[in-house]
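In UniProt numbering, the protein residues as written are 1 to 572.
The following block contains the structure:
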């Protein structure tokens with residue numbers, strides 16, 4: 001499979017086809033392999049993926065082609081398909097490799113050569129025409145751009161016209177320096193093309209002469225403006241009468257000061273050099289740094305005075321002891337000449353600015369932090385170490401340690417509390433009744449057992465309903481026995497509430513029977529036994545118990561109280 005693309009096309013697109021099953025999305029990988037065309041100098045991508053959507057039989061992907069603007073032969077590279085790591089339902093067919101040929105469409109030598117040049121096809125470079133030459137990569141030019149001017153020649157090294165010997169360039173022309181020789185004690189300045197006086201001479205009245213007649217008194221210098229002696233800088237006086245004397249130079253004795261915050265004051269020393277005659281006063285002022293006036297130091301300006309002949313003096317600045325731990329803080333102190341002082345008498349030297357650093361001697365955070373706490377030097381507060389939290393004024397493990405299952409730590413109370421939907425039962429967070437209670441039932445959290453809602457009966461894990469399904473009201477002389485959830489006869493009545501006879505009064509008879517019925521005994525409830533339709537009875541005075549086997553049901557009672565329990569023969 002081959003593709004051909006022009007270098008200037010920018011991209012080459014590849015079409016992939018999918019046969020066989022088209023169900024689902026499929027992704028394949030592709031990668032390139034250098035030939036005469038190489039990545040990334042000739043094409044911009046060397047790998048990628050292509051995806052077919054569900055039911056899609058074709059898809060495409062593209063690779064950028066680099067337009068390098070360089071004339072060259074056609075170049076090629078190959079592209080190979082492979083199964084993507086994430087795809088398991090696809091295989092690559094036999095047409096898995098394609099060759100791409102990039103055809104060059106650049107002009108020879110990269111395009112048309114410049115003026116006075118032609119393309120050399122062998123080297124693919126532009127070369128100058130005969131009689132022209134390239135100078136430092138520029139276009140092809142005539143040497144020095146053409147013939148040089150008067151008193152000039154072409155310098156082959158610089159390709160510039162330069163002046164011939166004994167001439168120099170001044171304002172675009174080659175001229176003789178200063179138009180010819182300068183006068184006595186003078187030389188030609190080629191910057192201005194003017195004659196200037198030699199070192200040690202000055203121009204005065206259009207001639208170069210020795211300054212001020214040749215010599216000025218000590219500590220003075222001759223001024224060329226008036227050809228008179230004047231005191232040197234830093235000196236004062238009259239060189240022709242009293243002479244020149246040094247001015248006082250005042251500066252700090254040291255430039256770096258360190259003071260403890262609790263010291264209260266700091267003394268700074270000044271020194272006076274040069275002339276020591278007379279009294280001299282200088283001013284000082286402070287500039288805030290991270291130490292500030294007046295919170296860290298109590299004075300921000302003042303003066304210092306040297307007496308006659310005095311070479312040192314001091315002044316003090318108050319230091320504020322704020323009882324708060326803090327990092328070292330600094331401020332600056334600058335000297336200046338006092339307003340109204342004669343600057344001919346005193347000047348400030350180079351050591352005019354001193355730096356003062358105040359060292360705090362207060363303990364960090366005001367003292368040692370408590371148990372499980374450390375001092376944060378930035379905020380100057382005690383903070384709990386990692387894993388601890390502040391509660392009731394001390395650093396504690398949250399809730400004393402990890403909470404149990406189905407519980408979390410309440411940061412407000414620092415107590416473990418059960419998650420929503422759980423409650424504390426025998427020291428653990430439990431799901432009420434394990435979620436076993438059914439509709440119309442509730443979980444008794446005291447015993448963690450399910451119970452039917454008030455007025456209902458049944459198994460609270462299966463079904464809670466109206467006692468005896470509400471049927472007992474339809475059976476005369478009966479009530480619901482909640483222990484069995486079945487209807488039972490009221491006190492003084494016996495029988496089967498569900499049967500055809502129902503509950504009958506269990507009061508006694510006084511004698512024998514008739515009509516086919518017979519019984520013996522009788523007292524208050526009778527003990528009787530029947531064996532036919534009408535019943536044949538046998539009793540024994542006060543036995544108060546009976547059994548029956550007729551179609552009306554079989555009963556068994558005990559004691560004289562007349563309590564009965566059905567025997568489940570078939571009337572229920």
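C-beta atoms are modelled at their ideal positions from N, C-alpha and C, and glycine is treated no differently. Since this is a predicted model, take the numbers as computed values, not measurements.
Measuring straight from C-alpha to C-alpha, what distance separates residue i and residue j?
i	j	result
residue 129	residue 178	43 Å
residue 188	residue 197	9 Å
residue 533	residue 505	Below a pLDDT of 50, predicted positions are generally treated as unreliable, and residue 533, at 33, falls in that range; the measurement from the model is reported next regardless. Roughly 20 Å separates the two Cα atoms.
residue 452	residue 503	29 Å
residue 357	residue 330	4 Å
residue 468	residue 478	11 Å
residue 133	residue 117	9 Å
residue 254	residue 157	58 Å
residue 120	residue 143	22 Å
residue 109	residue 140	15 Å
residue 138	residue 159	11 Å
residue 326	residue 320	13 Å
residue 161	residue 207	37 Å
residue 525	residue 476	Low confidence applies to residue 525: its pLDDT is 35, below 50, so where it sits in the model is not reliable, and the reading given next is rough at best. Taking the straight line joining both Cα atoms gives about 20 Å.
residue 152	residue 174	7 Å
residue 123	residue 26	50 Å
residue 147	residue 172	15 Å
residue 522	residue 492	Caution applies to residue 522, whose pLDDT of 32 falls short of 50 and renders its modelled position unreliable; the model cannot decide the point.
residue 611	residue 413	The question about residue 611 has no answer, for the chain in this structure spans 1 to 572.
residue 169	residue 113	35 Å
residue 125	residue 85	49 Å
residue 550	residue 464	At residue 550 the pLDDT is 33, less than 50, meaning the model places this residue with poor confidence; the figure from the coordinates comes in the next sentence. About 36 Å.
residue 446	residue 436	16 Å
residue 213	residue 190	28 Å
residue 97	residue 30	9 Å
residue 466	residue 449	20 Å
residue 13	residue 115	40 Å
residue 443	residue 431	10 Å
residue 16	residue 60	6 Å
residue 360	residue 351	27 Å
residue 291	residue 227	54 Å
Could you have a look at residue i and say whether DSSP puts it in helix, strand or coil?
i	result
residue 556	Low local confidence applies: a pLDDT of 34 at residue 556 is under 50, so the model's placement there is unreliable, with the coordinate-based value given in what follows. Here residue 556 sits in strand by DSSP.
residue 372	coil
residue 434	helix
residue 174	strand
residue 470	helix
residue 44	coil
residue 383	strand
residue 394	strand
residue 500	coil
residue 4	strand
Which term fits residue i, buried or exposed, when burial requires 16 or more other beta carbons within 10 angstroms of its beta carbon?
i	result
residue 496	buried
residue 385	exposed
residue 460	buried
residue 324	exposed
residue 164	exposed
residue 501	exposed
residue 240	exposed
residue 261	buried
residue 28	buried
residue 7	buried
residue 236	buried
residue 371	exposed
residue 211	buried
residue 91	exposed
State yes or no: is the C-beta of residue i within less than 9 Å of the C-beta of residue j?
i	j	result
residue 55	residue 23	yes
residue 99	residue 11	no
residue 353	residue 252	yes
residue 101	residue 75	yes
residue 302	residue 332	no
residue 349	residue 308	no
residue 337	residue 282	yes
residue 579	residue 298	Lying outside 1 to 572, the shown extent of the chain, residue 579 is not represented and no answer is given.
residue 32	residue 79	yes
residue 267	residue 306	no
residue 259	residue 335	no
Check: Can you list the beta strand (DSSP E) stretches of 3 or more residues lying completely in the region 105-166, in chain order?
Finding: 117-120, 125-128, 152-155 and 160-163
Margin query: So within the region 176-221, which uninterrupted beta strand (DSSP E) runs reach at least 3 residues, ignoring any that extend past its ends?
Written below: 186-189, 194-197, 202-204 and 207-209
Item checked: Contiguous beta strand (DSSP E) assignments of at least 3 residues, all confined to the region 318-345 -> 329-337
Checklist line | Complete beta strand (DSSP E) runs within the region 14-90 (minimum length 3 residues, chain order) | finding: 26-33, 47-52, 58-64 and 75-83
Item checked: Complete alpha helix (DSSP H) runs within the region 212-286 (minimum length 4 residues, chain order) -> none
Next item on the list: Kindly provide the ranges of any beta strand (DSSP E) runs that are 3 or more residues long and lie completely inside the region 397-463, ordered along the chain.
Entry: 407-410, 415-418, 423-425, 428-430, 441-444, 449-452 and 457-459
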